[in-house]
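First up is the structure itself, then whatever we jot down about it.
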Amino acid sequence: MLKRTFFLTHAPINAIFAQNAKDFVVEEIPLYEPSGSGDHLFARIRKKGLSTWDAAQIFSEKIGVKAADIGYAGLKDKNAMTAQTFSFPKKYRSALEKFDDKNIKILEIKEHNNKLKIGHLKGNRFFVRLKKVREIDSQKISAAIDVINKFGAPNFFGFQRFGRDMDNYQKAREFLDGKSKIRGKKMQKFLISALQSANFNNWLSKRIEISHIINNFSPYEAADEIKLDESLITDVKKQSHFFKIIDGDLMCHYPHGKFYFAEDTSAEAARFYAKQTAPTGALCGFRSLFARGAAGEIESEFFEDIPAGGDRRYAWVFPQDLSGEYIAKEAHYELAFYLPKGSYATTLLEELLRSELRAENSDEKNLSKIAK
75 MLKRTFFLTH
85 APINAIFAQN
95 AKDFVVEEIP
105 LYEPSGSGDH
115 LFARIRKKGL
125 STWDAAQIFS
135 EKIGVKAADI
145 GYAGLKDKNA
155 MTAQTFSFPK
165 KYRSALEKFD
175 DKNIKILEIK
185 EHNNKLKIGH
195 LKGNRFFVRL
205 KKVREIDSQK
215 ISAAIDVINK
225 FGAPNFFGFQ
235 RFGRDMDNYQ
245 KAREFLDGKS
255 KIRGKKMQKF
265 LISALQSANF
275 NNWLSKRIEI
285 SHIINNFSPY
295 EAADEIKLDE
305 SLITDVKKQS
315 HFFKIIDGDL
325 MCHYPHGKFY
335 FAEDTSAEAA
345 RFYAKQTAPT
355 GALCGFRSLF
365 ARGAAGEIES
375 EFFEDIPAGG
385 DRRYAWVFPQ
395 DLSGEYIAKE
405 AHYELAFYLP
415 KGSYATTLLE
425 ELLRSELRAE
435 NSDEKNLSKI
445 AK
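Each position in the sequence shown, counted from 1, maps to that position plus 74 in our numbering.
The following block contains the structure:
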């Protein structure tokens, strides 16, 4: 089963997150700017009510380009106003200049020497409006923002990864156990990635739970509860950051860099607190690197022999420019922030509100209730 542990400790907050073009705005930040010459066109677009795949299909139908020839750096939410870049072969310039669609606006077109590929982005900037927020809850959100600006936030995979019924990872297990069939390599790969994500989320929840115990109990009490050596806990308890670095953790320079093992945990914790590095968790696969020592023992509980390449993922991220404003007259709370690629705005919202979002939306207003 999927488990989610929050690192913040305030009571759950009642609010409404409306996923629509007015209240959820996403701006993709490119990895690089187009050079101005080459065989491809980079088209910066703004779309609403369309997924990235929906938009690509509209371009394919209206200008005659093959879907396989369209490039994009990341998948953007359907129920939002989003700005992102698509790439096209240069021969479609005239068609793009004449392109017209009520839900897609082309903002600019520039030439570049290569096709845009998945991952060619730095991150995304977000605007989110929460509704029906009481003044007392707005104060909790503001306090939570201060904590996240200091410590960062857990880098969970969002509910979008697991499907409407939150069971994509279970479908993957049934397929791998030979209990069901899944047609198509792409669907198999997609579901297996959900299983990798589920194991990562469960591991991260466990590590947050361990950090809470170390922070809130004596080393003797914590050792009995989490089965770690009391002397290790005594040392780790001195760390300034909420999330405790444990011997053998696989660290990585932030926001990108090489993996290396935490040996001097005090020094590594200081670098983590300074936002220079972050611990990572495994996405299980045949090329995965794994933590060792005490950290490796914990991680091994969430290991599965998964037929995928494998990778590591930051366990913790540091949102930038995170700010909020309470509009008392409307009972709205407006948030703005930047996240690196691969991180989910919805999981940050969940942490701020200490409640889990779900994939389903209400019937007519496309709203997701939080913490009923």
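Cβ coordinates follow ideal geometry from the N, Cα and C atoms, glycine included.
#1: Tell me the DSSP secondary structure of M75 in three-state form.
#2: A356: which of A348, G370, A218 sits nearest, CA to CA?
#3: For N275, which of helix, strand or coil comes out of DSSP?
#4: If you reduce the DSSP assignment to three classes, tell me which class E171 lands in.
#5: Within its chain, find whatever has a CB closer than 7 angstroms to the CB of D395; leave out the 5 residues flanking it on each side and keep chain order.
#6: Under 8 angstroms by Cβ, that's how I've got E408 and R208 pegged, so tell me the actual separation to the nearest angstrom.
#7: Short check: CB of G232 to CB of T421, under 8 angstroms?
#8: Are the Cβ atoms of K224 and N177 separated by less than 8 angstroms?
#9: Need the endpoints of the alpha helix (DSSP H) that A341 sits in, please.
#10: Using the beta-carbon count (16 or more within 10 Å), is F81 buried or exposed?
#11: For D174, is the beta carbon positioned less than 7 angstroms from some heavy atom of the ligand GDP?
#12: Which same chain residues, not among the five before or five after F116, have their C-beta less than 8 angstroms away from its C-beta?
#13: Fully enclosed by the stretch 227-285, which alpha helix (DSSP H) runs are 4 residues long or longer?
#14: Taking just the CA atoms, how far does A336 sit from D379?
#15: Using a Cβ-Cβ cut-off of 8 angstroms (strictly less than) and excluding sequence neighbours within five positions of D309, which residues of its own chain qualify?
#16: For K164, collect the residues of the same chain with a Cβ closer than 7 angstroms to its Cβ; drop the 5 residues on either side in sequence, then sort them by chain order.
#17: Is D385 helix, strand or coil by DSSP?
#18: Identify, in the order they occur along the chain, each residue of the same chain with its Cβ nearer than 7 angstroms to the Cβ of A246, setting aside the five sequence neighbours on each side.
#19: Along the chain, where does the beta strand (DSSP E) that runs through F201 open and close?
#20: Given a threshold of 16 other Cβ atoms within 10 Å of its Cβ, counted over all protein chains shown, does A129 qualify as buried or as exposed?
#21: Could you please give me the residues that DSSP links to W390 through a beta bridge?
#22: Buried or exposed: which applies to L181, given that a residue is buried once 16 or more other Cβ atoms fall within 10 Å of its Cβ?
#23: With DSSP as the reference, identify every bridge partner of F377, one or two as the case may be.
#24: Taking buried to mean at least 16 other C-beta atoms within 10 Å of its own C-beta, is N290 buried or exposed?
#25: Let me confirm a value: F360 is counted as buried when at least 16 other C-beta atoms fall within 10 Å, else exposed. Which label applies?
#26: Give me the residue from G258, I219, A272, V391 with the minimum Cα distance to M240.
#27: Thinking C-alpha only, which one of F201, N276, L306 is nearest I288?
Quick answer:
#1: Within the sequence shown, the letter at position 1 stands for residue 75. The answer is coil: DSSP assigns M75 none of H, G, I, E or B.
#2: Within the sequence shown, numbered from 1, the residue matching residue 356 stands at position 282. Scanning A348, G370, A218 for the CA closest to the CA of A356 turns up G370.
#3: As a working note, residue 275 is residue 201 in the sequence shown. For N275, the secondary structure class from DSSP, reduced to helix, strand or coil, is helix.
#4: Counting from one through the sequence shown, the residue named residue 171 turns up at place 97. Here E171 sits in helix by DSSP.
#5: For the purposes of this step, residue 395 is identified with residue 321 of the sequence shown, where counting begins at 1. A distance below 7 angstroms between beta-carbons, with the five flanking residues on each side excluded, links D395 to the following residues of its chain, in chain order: A410, F411, Y412.
#6: Taking the sequence shown and counting its residues from 1, the one referred to as residue 408 is at position 334. Taking the sequence shown and counting its residues from 1, the one referred to as residue 208 is at position 134. Incorrect: roughly 15 angstroms between the Cβ atoms, too far for contact.
#7: For the purposes of this step, residue 232 is taken as the residue at position 158 of the sequence shown. For the purposes of this step, residue 421 is taken as the residue at position 347 of the sequence shown. Cβ atoms of G232 and T421: closer than 8 angstroms.
#8: One-based indexing of the sequence shown puts residue 224 at position 150. One-based indexing of the sequence shown puts residue 177 at position 103. Taking 8 angstroms as the Cβ cut-off, K224 and N177 do not qualify as a contacting pair.
#9: Within the sequence shown, residue 341 is the residue found at index 267, counting from 1. Following the DSSP letters along the chain, one finds A341 inside the alpha helix (DSSP H) bounded by residues 339-347.
#10: Within the sequence shown, the letter at position 7 stands for residue 81. Classification of F81: buried, given that the 10 Å Cβ count is 16 or more.
#11: This structure lacks the ligand GDP, and indeed carries no ligand of any kind.
#12: Reading the sequence shown from its first residue, position 42 is the one you call residue 116. Counting only Cβ-Cβ distances below 8 angstroms, and skipping sequence neighbours, we find P108, T159, F160, S161, I183, K184, E185, H186, L190.
#13: You should have 242-250.
#14: As a position in the sequence shown, residue 379 is number 305, starting the count at 1. As a position in the sequence shown, residue 336 is number 262, starting the count at 1. C-alpha separation (whole angstroms): 25 angstroms.
#15: Here the question's residue 309 lines up with position 235 in the sequence shown. If we look at D309 and ignore the five residues flanking it on each side, its Cβ neighbours are T339, S340.
#16: By 1-based counting over the sequence shown, the position of residue 164 is 90. Excluding residues within five positions, the ones whose Cβ falls inside 7 angstroms are D113, H114, L115, E185.
#17: Reading the sequence shown from its first residue, position 311 is the one you call residue 385. It is a strand residue.
#18: Start at 1 with the first residue of the sequence shown, and residue 246 comes out as number 172. Taking A246 as the centre and dropping the five residues before and after it, the same chain places the C-beta of L265, I266, A268, L269 closer than 7 angstroms to its C-beta, in chain order.
#19: For the purposes of this step, residue 201 is taken as residue 127 along the sequence shown, with counting starting at 1. Taken as a continuous stretch (DSSP letters only), the beta strand (DSSP E) holding F201 covers 195-205.
#20: Your numbering for residue 129 matches position 55 in the sequence shown. Around the beta carbon of A129, 16 or more other beta carbons sit within 10 angstroms, so the residue counts as buried.
#21: Position 316 of the sequence shown, counted from the start, is the residue given in the question as residue 390. Partner(s): P228.
#22: As a working note, residue 181 is residue 107 in the sequence shown. Taking a 10 Å sphere around the C-beta of L181, we find fewer than 16 other C-beta atoms and assign the residue as exposed.
#23: As a first step, residue 377 must be located in the sequence shown, where it is residue number 303. None; F377 has no bridge partner.
#24: Looking up residue 290 in the sequence shown gives position 216. Result: exposed.
#25: Along the sequence shown, one-based indexing puts residue 360 at 286. By the neighbour-count criterion, in which 16 or more other beta carbons inside 10 Å mark a residue as buried, F360 falls on the exposed side.
#26: On the sequence shown, residue 240 is found 166 positions in, with the first residue counted as 1. Of the candidates G258, I219, A272, V391, the one whose C-alpha sits nearest the C-alpha of M240 is A272.
#27: Counting from 1 along the sequence shown, the entry for residue 288 is found at position 214. For I288, the nearest C-alpha among the options comes from L306.
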